[in-house]
Amino acid sequence: MTKADEDGMVVIRTRKRKRKGRRSKKRGMARKTKIALIIIGVLALLLAIAVGTLVYMLNSGESKMHGEFTGIVHAPETVVTQNDGKTIEYNGHTYEYNENVVSVLVMGLSDESMYDGNPDAHCADAVILVAMDTETNEMKLIVVPRNSVAEVDMYEGSKLVETRPLPLTLAYPTVVGGTEDEAAANVARSVSRLMYNMPINYYLGIEQDAFVGSVDALGGVTVTALQTIPGTNYVEGEECLLIGEDALKYVKWRDTSVAESALDRQERQMQFVKAFASKARNSSVTELVGLYNDLSADMVTNLGASEVAYMASCLISGENASLDMVSLTGTTEKTDELGKPLEFYYLDEDSVTEAVLAAFYTQID
Numbered sequence: 052m053t054k055a056d057e058d059g060m061v062v063i064r065t066r067k068r069k070r071k072g073r074r075s076k077k078r079g080m081a082r083k084t085k086i087a088l089i090i091i092g093v094l095a096l097l098l099a100i101a102v103g104t105l106v107y108m109l110n111s112g113e114s115k116m117h118g119e120f121t122g123i124v125h126a127p128e129t130v131v132t133q134n135d136g137k138t139i140e141y142n143g144h145t146y147e148y149n150e151n152v153v154s155v156l157v158m159g160l161s162d163e164s165m166y167d168g169n170p171d172a173h174c175a176d177a178v179i180l181v182a183m184d185t186e187t188n189e190m191k192l193i194v195v196p197r198n199s200v201a202e203v204d205m206y207e208g209s210k211l212v213e214t215r216p217l218p219l220t221l222a223y224p225t226v227v228g229g230t231e232d233e234a235a236a237n238v239a240r241s242v243s244r245l246m247y248n249m250p251i252n253y254y255l256g257i258e259q260d261a262f263v264g265s266v267d268a269l270g271g272v273t274v275t276a277l278q279t280i281p282g283t284n285y286v287e288g289e290e291c292l293l294i295g296e297d298a299l300k301y302v303k304w305r306d307t308s309v310a311e312s313a314l315d316r317q318e319r320q321m322q323f324v325k326a327f328a329s330k331a332r333n334s335s336v337t338e339l340v341g342l343y344n345d346l347s348a349d350m351v352t353n354l355g356a357s358e359v360a361y362m363a364s365c366l367i368s369g370e371n372a373s374l375d376m377v378s379l380t381g382t383t384e385k386t387d388e389l390g391k392p393l394e395f396y397y398l399d400e401d402s403v404t405e406a407v408l409a410a411f412y413t414q415i416d
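Just so you know, our numbering puts 232 at position 181 of the sequence shown, and the rest follows in order with no gaps.
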């Protein structure tokens, strides 16, 4: 473009053209690299936060779960106790209390109350004390028959009315007017008394919807049916996949016309628990904590996310550790204690003692 100036000279002005080329491409690549690094940094930060949160939950759970041992009460005559029960002599051997053990009472809750004074309450249909050695990751499961006779507190609202020997399953509905947590804690307290005051600081009551949800989340568990279950395809002696509502029927059904049918059902429950725990060990801590959070609305528990994370980590870390399960033994007597036919299952003292020693003590001689 030309333009005449005041002296008549012609000035030629050229427009500066933008150069496109290597420098522009370099700037574009640098910008993309910068964005990628920012994204990676953000992801790394989120991952660090997630890992840090999990580590915090695990450490917090560990510190919370180790309950204080306050000493044995009502030890049987066959047991010699020292140091408030931290040292025990039984059958010629010496045992020391294992400080590494944490315990949770797991209850399968039924809609059948069995107590006329509180007909709409749940009932503790399955009662299993889980004791885990956090040093070795070994788990001991003590199955307490639902009709085991225990010292049960009976409440009207917040008032303790009396404490009397009753089938353990009634420790839940006899908290009349109380909360679900108070009822679950009452069961845990009764089991602790059966176990000579072993610390049971946590409880987990699983309602039927939570049971079905947890089984389905794992894709079901495979067992060999111990009994033929009406209304299902489960046939005694055949391998079957326990899943959905049929899985609930497998662990819940019993022939009420047969004496001690609750013990037959208990065998199926024990079989299921072993299969479930074995499969759960293939999950991650975050998966198990997520499952707990998803189903918590149908659970009654005082376990927090940190305690669940800690227990889950112990379960998974102990993939090759033993998972021993024992059922307490005894004898059944029928009675009309509460104005209705009930089975009272009186536990054998040696059975209780040996289960307690195996779960909470270490033989030192």
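Virtual Cβ for every residue (Gly too), placed ideally from N, Cα, C.
Original post:
Are the beta-carbon atoms belonging to L192 and L156 less than 7 Å from one another?
Top reply: no
Original post:
Taking Cβ positions, are C365 and T187 nearer each other than 7 Å?
Top reply: no
Original post:
Would a C-beta distance cut-off of 7 Å place L374 and A328 closer than the cut-off?
Top reply: yes
Subject >> Other residues of its chain near L339: CB distance less than 6 Å, five sequence neighbours each side excluded >> reply: A363
Original post:
Just to confirm, are V351 and A235 a CB contact at a threshold of 7 Å?
Top reply: yes
Original post:
Mind checking whether L269 and K330 have CB atoms under 7 Å apart?
Top reply: In this structure, L269 places its C-beta atom within 7 Å of the C-beta atom of K330.
**OP:** Quick one: residues in its chain with C-beta nearer than 7 Å to the C-beta of A276, no 5 flanking neighbours on either side, listed in chain order?
**Re:** Y285, V286, E287, G288, E289, C291
Subject >> Bounding residues of the alpha helix (DSSP H) (the contiguous stretch that carries L408) >> reply: 400-411
Original post:
Looking only at DSSP bridge pairs, what is Y397 linked to?
Top reply: T382
Original post:
According to DSSP, is G288 helix, strand or coil?
Top reply: coil
Subject >> Beta carbon of G271 nearer than 7 Å to that of L293 >> reply: yes
Original post:
Rounded C-beta distance between E213 and G228? I'm assuming under 8 Å.
Top reply: In this structure, E213 and G228 do not form a Cβ contact; the two beta carbons are roughly 15 Å apart against a cut-off of 8 Å.
Subject >> Alpha-carbon to alpha-carbon, R332 and L389 >> reply: 43 Å
**OP:** Using three-state DSSP, classify V124 as helix, strand or coil.
**Re:** coil
Original post:
Should N198 be labelled buried (16 or more other beta-carbon atoms within 10 Å of its own) or exposed?
Top reply: buried
Original post:
Is it true that the CB of L393 sits closer than 7 Å to the CB of A261?
Top reply: Between A261 and L393, the C-beta gap is not smaller than 7 Å, which leaves the two residues out of contact.
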